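Basically this note's numbering = 1-based index in the sequence shown + 101.
Just so it is clear, CB atoms sit at the ideal spot from N, CA and C, and this is done for glycine as well.
None of these values were measured; they are calculated from a predicted model.
The block underneath contains the structure these notes are about, expressed in structure tokens.
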Amino acid sequence: MTTTVTVLNGVDTIGGNVVAFETQTARVIMDFGINFAPADSQPDDLLSNGILPALPDLFTDIAGDKQTAIFISHLHLDHMGALKYLTKLTPVYMTMESATLYAELIRQGLESAPNAQVQVIAPNKDVQIGDLTVRAFATDHDIMGAVMFEVTDGQHRFVHSGDV
Ligand SMILES: [Zn+2]
Numbered sequence: 102m103t104t105t106v107t108v109l110n111g112v113d114t115i116g117g118n119v120v121a122f123e124t125q126t127a128r129v130i131m132d133f134g135i136n137f138a139p140a141d142s143q144p145d146d147l148l149s150n151g152i153l154p155a156l157p158d159l160f161t162d163i164a165g166d167k168q169t170a171i172f173i174s175h176l177h178l179d180h181m182g183a184l185k186y187l188t189k190l191t192p193v194y195m196t197m198e199s200a201t202l203y204a205e206l207i208r209q210g211l212e213s214a215p216n217a218q219v220q221v222i223a224p225n226k227d228v229q230i231g232d233l234t235v236r237a238f239a240t241d242h243d244i245m246g247a248v249m250f251e252v253t254d255g256q257h258r259f260v261h262s263g264d265v
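Encoded structure:
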């Protein structure tokens, strides 16, 4: 099996890291941050400016051809700030602690991501996205519920460590 790894953001910045793991039929995206966006920007402007990660099917009307899910390692803004720009309903996995905090930020009007379908991922349990398996492991970071992720395709194992 071939799995393609694409670093989409965060190479030359502190934070904002986004990486995609893709097979023929499945795609998992790990963290979903941006470094800066003016408050009134439209997703297609931010996409063409390179502020949003180069995943056009998630930010426009272009149809995607793979089962897709986003995984958030922890709820620092530079790891989840692009969620609000999603234009299609997309599953977004995060830990219970992150989901609780995110729901509170939305309740207080500080965040809004109508197309993010938040799903809870428990540490040390597998989540299957097509032919990719994702497992979260608790990490030590300065926010509750932080995890790193392991992605396996049956032959290869990849690790997304978040900030750690
Ligand atoms: Zn962090």
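How big is the Cα-Cα spacing for Val235 and His261? As a first step, residue 235 must be located in the sequence shown, where it is residue number 134. As a first step, residue 261 must be located in the sequence shown, where it is residue number 160. So the alpha carbons of these two residues sit roughly 10 Å apart.
Among Val193, Asp146, Gln125, Phe259, which one has its Cα closest to the Cα of Asn216? Here the question's residue 216 lines up with position 115 in the sequence shown. Closest by alpha carbon: Val193.
C-alpha distance - Glu212 paired with Val120, whole-angstrom precision: Here residue 212 corresponds to residue number 111 of the sequence shown, with the count starting at 1. Here residue 120 corresponds to residue number 19 of the sequence shown, with the count starting at 1. Roughly 22 Å between the two C-alpha positions.
Going along the chain, which residues of its own chain have a beta-carbon closer than 7 Å to the beta-carbon of Gln256, five neighbours each way excluded? Along the sequence shown, read from residue 1 onward, the residue named residue 256 stands at position 155. Cβ neighbours of Gln256 within its own chain (closer than 7 Å, five residues either side excluded): Met102.
Please determine whether the Cβ atom of Asp132 lies at a distance below 6 Å from any heavy atom of ligand 1. For the purposes of this step, residue 132 is identified with residue 31 of the sequence shown, where counting begins at 1. Not one heavy atom of ligand 1 lies closer than 6 Å to the C-beta of Asp132.
From Ile115, Val129, Thr114, residue whose alpha carbon lies closest to that of Val228: By 1-based counting over the sequence shown, the position of residue 228 is 127. Nearest of Ile115, Val129, Thr114 to Val228, Cα basis: Val129.
Cβ-Cβ distance between Lys185 and Ala140 below 7 Å: Reading the sequence shown from its first residue, position 84 is the one you call residue 185. Reading the sequence shown from its first residue, position 39 is the one you call residue 140. The answer is no: Cβ separation not under 7 Å.
CB His180 to CB His242, shorter than 7 Å? Translated into positions along the sequence shown, residue 180 becomes position 79. Translated into positions along the sequence shown, residue 242 becomes position 141. No, Cβ-Cβ distance for His180 and His242 is not below 7 Å.
If we call anything under 7 Å between Cβ atoms a contact, is Met131 one with Phe172? Position 30 of the sequence shown, counted from the start, is the residue given in the question as residue 131. Position 71 of the sequence shown, counted from the start, is the residue given in the question as residue 172. It is a contact, given that the beta carbons lie within the stated cut-off.
Where does Thr201 fall in DSSP's three states? Counting from one through the sequence shown, the residue named residue 201 turns up at place 100. In this structure, Thr201 counts as helix in the three-state DSSP scheme.
Element boundaries [alpha helix (DSSP H), containing Asp227]: Here the question's residue 227 lines up with position 126 in the sequence shown. Boundaries around Asp227 are those of the beta strand (DSSP E), 227-230, since no alpha helix (DSSP H) includes it.
Within the present structure, is the beta-carbon of Asp241 separated from the nearest heavy atom of ligand 1 by less than 6 Å? Here residue 241 corresponds to residue number 140 of the sequence shown, with the count starting at 1. Here the distance from the Cβ of Asp241 to the nearest heavy atom of ligand 1 is not below 6 Å.
Excluding sequence positions up to five away, which residues of its chain have a Cβ less than 7 Å from the Cβ of Gln218? Here residue 218 corresponds to residue number 117 of the sequence shown, with the count starting at 1. The beta carbon of Gln218 sits closer than 7 Å to those of Leu190, Thr191, Pro192, Val193, all from its chain and outside the five residues before and after it, given in chain order.
Residue(s) in a DSSP beta bridge with Thr234: The residue given as residue 234 occupies position 133 in the sequence shown. DSSP lists Gln229, Thr253 as partners of Thr234.
Nearest-angstrom Cα separation, counted from Asp232 out to Phe259: Within the sequence shown, numbered from 1, the residue matching residue 259 stands at position 158. Within the sequence shown, numbered from 1, the residue matching residue 232 stands at position 131. A straight-line Cα-Cα distance of about 14 Å links Phe259 and Asp232.
Determine the DSSP secondary structure at Ile207, reduced to helix, strand or coil. Position 106 of the sequence shown, counted from the first residue, corresponds to residue 207. Helix at Ile207.
Spatial neighbours of Gly88 within its chain, please: C-beta separation below 8 Å, excluding the five flanking residues on both sides. The structure shown does not extend to residue 88, since the chain is modelled only from 102 through 265, so no value can be given for it.
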